[in-house]
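Chemist: Below is a structure I'd like to ask you about.
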Amino acid sequence: MTTKRVWILGTRVDDITFDEALPLIEQYIESRRPQQIVTSNTEFVMMARRDPAFAEVINKAAMVIPDGIGLLWAARLLGQPLREHVRGTDLVERLMAFAAQKGYRVFLLGAAPGVAEMAAANLTGRHPDLAIAGCYTGSPHPQDEAAIAQTIHQAGRVDILLVAFGAPAQDKWIARNLPQLGVPVAVGVGGVFDFMSGRVKRAPGWVRRLELEWLYRLVRQP
Ligand code: UDP
0 MTTKRVWILG TRVDDITFDE ALPLIEQYIE SRRPQQIVTS NTEFVMMARR DPAFAEVINK
60 AAMVIPDGIG LLWAARLLGQ PLREHVRGTD LVERLMAFAA QKGYRVFLLG AAPGVAEMAA
120 ANLTGRHPDL AIAGCYTGSP HPQDEAAIAQ TIHQAGRVDI LLVAFGAPAQ DKWIARNLPQ
180 LGVPVAVGVG GVFDFMSGRV KRAPGWVRRL ELEWLYRLVR QP
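Under numbering that gives the first Met the number 0, the first residue of the sequence shown carries the number 0, and numbering increases by one thereafter.
Structure below.
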């Protein structure tokens, strides 16, 4: 099966569903080759327009899920509707249930000190069989890369790496580092650990509406 790709203002998003994403991720893990998953939304598209390096990271990823509903609206306006809203938080939830069932080991990287551990505790509370390989705060700064790589290597086998440094830093970090980590799948997850730990932090509603308004205008009259 080849996934249809939709291009929104030069940025790729995949016409993928939850039911298609999970077996694909399983294939990625079994292949042991590094594969990056991007959870895109309209803010990603706006950032990618100003930042060609970010656009390249998104466009070269193994999978770009339509995390933000704005992408579904934009794709429909472009006459290339996406079939499903694949919310990043929901994909992570399903992926963690799948990992628990398959015995895949998960590493949580990023967020404020202690937050990844709280998210991990929340996950193992709900999925007792889930193997957490480790948690590490780290930072997306290049001077931290060696310490993060060492921590991940010491964690033993890691099948899924969740990275919460916020976009675009987390996605650029994954593109730079994943090939050297010996980990097959990495997902940029933004504020998902905050959400799972109960410490929710989102952009104010007016910021999100403004971003959407911009994208809407751009799609209508590029
Ligand atoms: N973060 C981090 N290091 C940084 C910048 C951000 O660990 O240098 C974390 C932050 O604590 C939060 C996540 O990255 O957990 C980003 O959350 P945000 O809601 O900004 O991301 P979005 O979902 O909007 O991409």
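For every residue, glycine included, the Cβ atom is placed at its ideal position computed from N, Cα and C.
Since this is a predicted model, take the numbers as computed values, not measurements.
Only counting the same chain, and skipping five residues up and downstream in sequence, which positions put a Cβ closer than 7 Å to that of Gly69?
Modeler: Asn40, Thr41, Leu211 and Leu214
Chemist: Rounding to the nearest angstrom, what Cα-Cα distance links Asp13 and Met46 in this structure?
Modeler: 18 Å
Chemist: Indicate the three-state DSSP secondary structure (helix, strand or coil) for Ala185 in the structure shown.
Modeler: strand
Chemist: Under DSSP, the beta strand (DSSP E) around Leu107 begins and ends at which residues?
Modeler: It spans Arg104 to Gly109 - the beta strand (DSSP E) in which Leu107 sits, taken as one unbroken run.
Chemist: Which residues in the same chain as Asn121 place their Cβ atom closer than 6 Å to its Cβ, once the five residues preceding and following it in sequence are excluded?
Modeler: Met195
Chemist: State buried or exposed for Ala60, treating a residue as buried only when at least 16 other CB atoms are found within 10 Å of its CB.
Modeler: buried
Chemist: Return helix, strand or coil for Arg4, following the three-state DSSP convention.
Modeler: strand
Chemist: Express the C-alpha separation of Val105 and Leu129 in angstroms, rounding to a whole number.
Modeler: Distance between the alpha carbons of Leu129 and Val105: 8 Å.
Chemist: So, with DSSP's three-state summary, where would you put Thr41?
Modeler: In the three-state reduction of the DSSP assignment, Thr41 falls in the helix class, which pools H, G and I.
Chemist: Out of curiosity, what's the CA-to-CA distance linking Arg48 and Val85?
Modeler: 22 Å
Chemist: Report buried or exposed for Asp66, applying the criterion of at least 16 other Cβ atoms within 10 angstroms of its Cβ.
Modeler: buried
Chemist: If you draw a straight line from the alpha carbon of Thr1 to that of Pro80, how long is it in whole angstroms?
Modeler: 17 Å
Chemist: What span of residues does the alpha helix (DSSP H) with Thr150 cover, start to end?
Modeler: Glu144 to Gln153
Chemist: Going by DSSP, what residues sit across from Ala130 in a beta bridge?
Modeler: Arg104
Chemist: Does the beta-carbon distance from Ala119 to Ile131 come in below 8 Å?
Modeler: yes
Chemist: From the DSSP output, in three-state form, read off Arg11 for me.
Modeler: Strand.
Chemist: Measuring straight from C-alpha to C-alpha, what distance separates Ala20 and Pro178?
Modeler: 21 Å
Chemist: Would you mind giving the Cβ-Cβ distance between Phe164 and Ala115, rounded to the nearest angstrom? I have them listed as a contact below 8 Å.
Modeler: Rounded, the Cβ-Cβ distance is 11 Å, inconsistent with contact.
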